[in-house]
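One gets the working numbering by counting positions in the sequence shown from 1 and adding 112 to each.
Structure first, then comments.
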Amino acid sequence: MPTHSLHLAREVVKVCGTNDPFIVADYLGIEVCYENLPSHIGGFFTRIFDSAYIVVNSEKPRAWQRAIAAHELGHALLHTQDHAFLATLNFATHSKVERQANQFAAALLIGDEVPAENESIYEFAQRMGVPVEFVQSLQKDFFMGGNI
Ligand SMILES: [Zn+2]
């Protein structure tokens with residue numbers, strides 16, 4: 113059974129006509145800012161009054177910033193809590209909301225791509241330019257042949 117976050121990512125790609133998280137954020141009226149954050153913080157999402165912001169660590173590589181932006185977009189769309197979500201060194205998590213944000217990000221950035229035969233999930237993640245945790249969040253659906 114596809115989860116809400118996966119459906120939502122597909123809708124976003126359809127409506128926005130792109131899977132680029134920076135363009136999607138712009139489309140949704142979410143401002144993306146770059147700040148020199150401490151290195152263990154990848155970025156966060158916050159709402160200030162009626163405005164929504166994704167803050168990305170300006171010191172991270174571009175592929176990482178793209179992953180952060182996609183993950184934080186997941187929070188922006190899925191979670192209504194009015195507080196900051198931190199994305200730290202990696203995306204490993206046992207928290208339900210973090211897993212949902214990872215799933216959204218994975219579905220947004222990976223789309224319908226699947227690992228090639230004999231391709232490990234690490235190689236696949238590298239080819240897709242996403243953290244391996246994103247692939248792992250989808251892994252069950254991939255290998256169960258689920259329709260995400
Ligand atoms: Zn998060």
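We put the beta carbon where it would ideally sit given N, CA and C, even for glycine.
Going straight from the alpha carbon of Cys128 to that of Pro150, what length do you get? Taking the first residue of the sequence shown as position 1, residue 128 is located at position 16. Taking the first residue of the sequence shown as position 1, residue 150 is located at position 38. One C-alpha to the other measures close to 32 Å.
Euclidean distance between Cα positions of Ala181 and Leu118: One-based indexing of the sequence shown puts residue 181 at position 69. One-based indexing of the sequence shown puts residue 118 at position 6. Approximately 16 Å between the Cα atoms of the pair.
In this structure, does DSSP put Ala164 in helix, strand or coil? Here residue 164 is taken as the residue at index 52 of the sequence shown, counted from 1. Three-state DSSP puts Ala164 in a strand.
Give the secondary structure of Phe89 by DSSP, where H, G and I count as helix, E and B as strand, and everything else as coil. For residue 89 there is no data in the structure shown, the boundaries of the chain being 113 and 260.
Residues that Asn169 bridges to, as DSSP identifies them: Translated into positions along the sequence shown, residue 169 becomes position 57. Asn169 pairs with Glu147.
Pro243 burial status per 10 Å Cβ neighbour count (16 or more: buried): As a position in the sequence shown, residue 243 is number 131, starting the count at 1. Pro243 should be labelled buried.
With DSSP run on the structure shown, which of helix, strand or coil describes Gln198? Numbered from 1 along the sequence shown, position 86 holds the residue referred to as residue 198. The residue you asked about is not Gln; residue 198 is Leu in the sequence shown. Here Leu198 carries a strand assignment [DSSP, helix/strand/coil].
Keeping to the same chain, check which residues put their C-beta closer than 8 Å to that of Ile233; ignore five residues upstream and five downstream. Here residue 233 refers to the residue found at position 121 when the sequence shown is read from its first residue. When the five nearest sequence neighbours on each side are left out, the beta carbons in the same chain lying within less than 8 Å of the beta carbon of Ile233 are those of Pro227, Val244, Val247, Gln248 and Gln251, in order along the chain.
Buried/exposed call for Phe120, threshold 16 Cβ in 10 Å: Counting from one through the sequence shown, the residue named residue 120 turns up at place 8. First, the residue type needs correcting, since residue 120 is Leu and not Phe in the sequence shown. Answer is buried; the Cβ neighbour count reaches 16.
Could you check the C-alpha separation between Phe203 and Glu210 for me, to the nearest Å? Along the sequence shown, read from residue 1 onward, the residue named residue 203 stands at position 91. Along the sequence shown, read from residue 1 onward, the residue named residue 210 stands at position 98. Phe203 and Glu210: Cα-Cα distance of roughly 8 Å.
Any non-hydrogen atom of ligand 1 closer than 7 Å to Glu147 Cβ: Taking the first residue of the sequence shown as position 1, residue 147 is located at position 35. Placement of the Cβ of Glu147 at a distance of 7 Å or more from every heavy atom of ligand 1 is found.
Flag Ala137 as yes when its Cβ comes closer than 7 Å to any non-hydrogen atom of ligand 1, and as no otherwise. Within the sequence shown, the letter at position 25 stands for residue 137. A distance criterion of 7 Å places the beta-carbon of Ala137 beyond contact range of ligand 1, judged by its closest non-hydrogen atom.
Check: Glu210 C-beta below 7 Å from any heavy atom of ligand 1: Working through the sequence shown from its first residue, we reach residue 210 at position 98. The answer is yes for Glu210.
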